[in-house]
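Working notes, beginning with the structure itself.
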Amino acid sequence: MRLSTASRALLLLTVLAAFASTGPATAVIGGTADGNRHPYVGAVDGRPLGGPVQFGSGVLISPTVFLTVGHGTAHFDAAGVSRARVTFDPVVTASSVWHEGTVHTNPGYDPGGKGNRGDFGDLGVIVFDEPVTGIQPARLPGADDLTWLLRGNGQPRFEIAGYGVSQYVGGPNGGGKRRLDFGSAGTRRLATEAFSSLSPGFLRLHATGSADICTGDSGSPSILAGTDLVLGLTAVQWSLSGGECESGPWEQRVDTPGARAFLAHYVDLP
């Protein structure tokens, strides 16, 4: 299901696709290995729901609070699963360190966005049993920070780090139809994006290089380049061409009144 006009239904990423099949989720196509550049970005373990090991991403915003998208945590709710695990290892392996906690979905999450004037409230958190040590959490913005940031900085750059498929196989040079290489999943990779537009609920971005955001990257934070400031979470994919991973991500804003009302239950806000 892909978008061609603004009036059509938006395509939710990651978890929706992950549970439509048993294959691994996908994430940043191309890009570069993130390594330890964004150590506070983690992968959620989808195996309790029958999904892949890394089916979605998110970001540590306090030693005990991991922020991700509501359409991801809502799947845990729907399955009656209240617990989830996260790893911050740059490469997910059998020996990865996992942090376990309790899942909470934003009560204001509105998949259709009809009741909130375009703000879906697509947020959820995992509250860990024990503080995560050795990782400095990312920072959240102040109220409506995106508005003044974009007004004062022209065209800032954003970085999105996520886990999952990083390349294609097949196609013109390899023969046959180009398809996602699911075997390339599991490494945190980085895409650089630029500003497209701002709405009450979303920050819209577009790629500036060869890396693309793809189905499976839900929850990956959009970080102001050169900082640790999180301005949104990858929640929606927009594709003018109809390409599988030729998209401009829609980032759920975290500086809106609704987002801040939810987050205030779990962290001290700036």
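In terms of mature numbering (1 follows the signal peptide of the UniProt record, and there is no 0), the sequence shown is residues -27 to -1, 1 to 243. Just so you know, even glycine gets a beta-carbon here, dropped at the ideal spot from N, CA and C.
Helix, strand or coil for residue i? Go by DSSP, reduced to three states.
| i | result |
| --- | --- |
| Gly5 | First, the residue type needs correcting, since residue 5 is Thr and not Gly in the sequence shown. Here Thr5 sits in strand by DSSP. |
| Phe49 | helix |
| Trp121 | helix |
| His11 | coil |
| Pro194 | strand |
| His238 | coil |
| Gly43 | helix |
| Ala116 | coil |
| Gly231 | helix |
| Arg161 | coil |
| Leu22 | helix |
| Trp223 | strand |
| Val32 | strand |
| Thr60 | strand |
| Ala16 | strand |
| Ile108 | coil |
| Thr200 | coil |
| Ala67 | coil |
| Glu73 | strand |
| Val54 | coil |
| Thr37 | coil |
| Glu132 | strand |
State buried or exposed for residue i, treating a residue as buried only when at least 16 other CB atoms are found within 10 Å of its CB.
| i | result |
| --- | --- |
| Ala52 | exposed |
| Gly115 | exposed |
| Val54 | exposed |
| Glu166 | buried |
| Trp121 | exposed |
| Val42 | buried |
| Ala(-1) | Annotation note: pLDDT 43 at Ala(-1) (below 50); position unreliable, no value reported. |
| His48 | buried |
| His11 | buried |
| Ala198 | exposed |
| Pro243 | exposed |
| Pro80 | exposed |
| Arg(-20) | Low local confidence applies: a pLDDT of 29 at Arg(-20) is under 50, so the model's placement there is unreliable, with the coordinate-based value given in what follows. Arg(-20) comes out exposed. |
| Thr200 | exposed |
| Asp7 | buried |
Based on Cα-Cα distance, which residue from the options lies nearest to residue i?
| i | options | result |
| --- | --- | --- |
| Val38 | Ala208, Thr46, Gly74 and Gly23 | Gly74 |
| Asp241 | Ala111, Pro129 and Ser69 | Ala111 |
| Glu132 | Ala180, Leu113 and Ser170 | Ala180 |
| Glu224 | Leu236, Tyr239 and Asp95 | Asp95 |
| Gln109 | Leu171, Asp50 and Val32 | Val32 |
| Gly85 | Val227, Ala234, Ala208 and Phe235 | Ala208 |
| residue 258 | Pro230, Trp71, Lys87 and Pro104 | Look at the range of the chain in this structure, -27 to 243, and you will see that residue 258 is not part of it. |
Out of curiosity, what's the CA-to-CA distance linking residue i and residue j?
| i | j | result |
| --- | --- | --- |
| Gly19 | Gly29 | 8 Å |
| residue 244 | Tyr13 | The displayed coordinates of the chain run from -27 to 243. Any statement about residue 244 would go beyond what the structure contains. |
| Ala16 | Asp92 | 25 Å |
| Arg58 | Ser195 | 22 Å |
| Val203 | Pro21 | 28 Å |
| Ala(-3) | Arg130 | Confidence is the limiting factor: at Ala(-3) the pLDDT is only 31, short of 50, which leaves the residue's position unreliable and the question unanswerable from this model. |
| Asp117 | Gly221 | 22 Å |
| Ala134 | Ser172 | 22 Å |
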